[in-house]
Amino acid sequence: MINTNIISIKRSRIKSITIMTALCFASLLTANVAAAELPKESVLPLALAAKAAQAAVDQCKADGYTVSAAVVDRGGNVRALLRQDGAGPHTVQSSSKKAYTSASMKRSTADLAALVVKMPAVQGLQHMNDHMLLLGGGLPIKIDGEVVGGIGVGGAPGGHLDAACAEAGLKSIGAETKAPEKK
């Protein structure tokens, strides 16, 4: 004789397992939908950052200048930093700040400096935070129309010369370039 209580308990367990399985699948589907909604953005690989910094330093060295070059990602985090032998200690900070500024503002630091001179109402840009520096020599790193970081050079006797070296760094990684900044 079959005990109906045992059958009832087994059916209850099967029902519970079925419901739990369905809930697990539902949560997986929800997670996939949520993941699909996450923004997709390009990341500047370390190898490209290092290549750009090295090319910038090499260009300035060929031009007779002793500099530092920094490359940051879109969030302003340093990805590569090179200080040429004999470069002044201040060049580390100036190159890093120029790179940060150009990545953050998505413009060259020379263009931003000119904007502040032209429109005094935006002078607050130069004091936005301690990482900003509005001197020529910082360029955004733009690949396929997307700003993925910034490059900054410091130590040449003029921001336009720093910018020319930074542009060499951009060219070395196939990033979009424009004519070097002139003063």
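Residues 584 to 766 (this note's numbering) are what the sequence shown spells out, left to right. Note that CB positions come from ideal geometry on N, CA and C, so glycine has one too. Everything numeric in this text was worked out from a predicted model, so none of it was measured.
Residues of its chain near residue i, where Cβ-Cβ distance is below 7 angstroms and the 5 sequence neighbours each way are ignored
i	result
Leu717	Thr684, Thr692, Leu695, Ala696, Val699, Leu708 and Gln709
Lys644	Gln667
Ala758	Ile724, Lys725 and Ile726
Residue i: first and last residue of the uninterrupted beta strand (DSSP E) it sits in
i	result
Asp646	Run containing Asp646: none; DSSP gives neither H nor E here.
Glu729	Glu729 to Gly737
Lys725	Gly721 to Ile726
Contact under 9 angstroms by Cβ, residue i with residue j
i	j	result
Ile724	Ile734	yes
Leu627	Asp646	no
Val675	Gly719	no
Val650	Ala670	yes
Gly721	Ala739	no
Ile756	Lys634	yes
Boundaries of the alpha helix (DSSP H) in which residue i is found, first to last residue
i	result
Val699	Thr692 to Lys701
Val675	His673 to Met688
Ala663	It is not in any alpha helix (DSSP H) - Ala663 instead sits in the beta strand (DSSP E) that spans Val661 to Arg666.
Asp745	Gly742 to Ser755
Own chain, CB closer than 8 angstroms to residue i, minus 5 neighbours either side, in chain order
i	result
Ile597	none
Gly732	Leu627, Ala632, Val654, Val655, Asp656, Arg657, Arg662, Ala682, Ala686, Pro723 and Ile724
Leu664	Ala636, Ser651, Ala652, Ala653, Val654, Val675, Ser678 and Ser679
Glu729	Glu624 and Ser625
Beta-carbon proximity list for residue i, same chain, < 6 angstroms, skipping 5 on both sides
i	result
Lys766	With a pLDDT of only 46 at Lys766, under 50, the local geometry of the prediction cannot be trusted, and no value is derived from it.
CB-CB length for residue i against residue j, believed under 8 angstroms
i	j	result
Lys680	Met711	Wrong, their Cβ atoms sit about 11 angstroms apart, outside the cutoff.
Gly752	Ala638	5 angstroms
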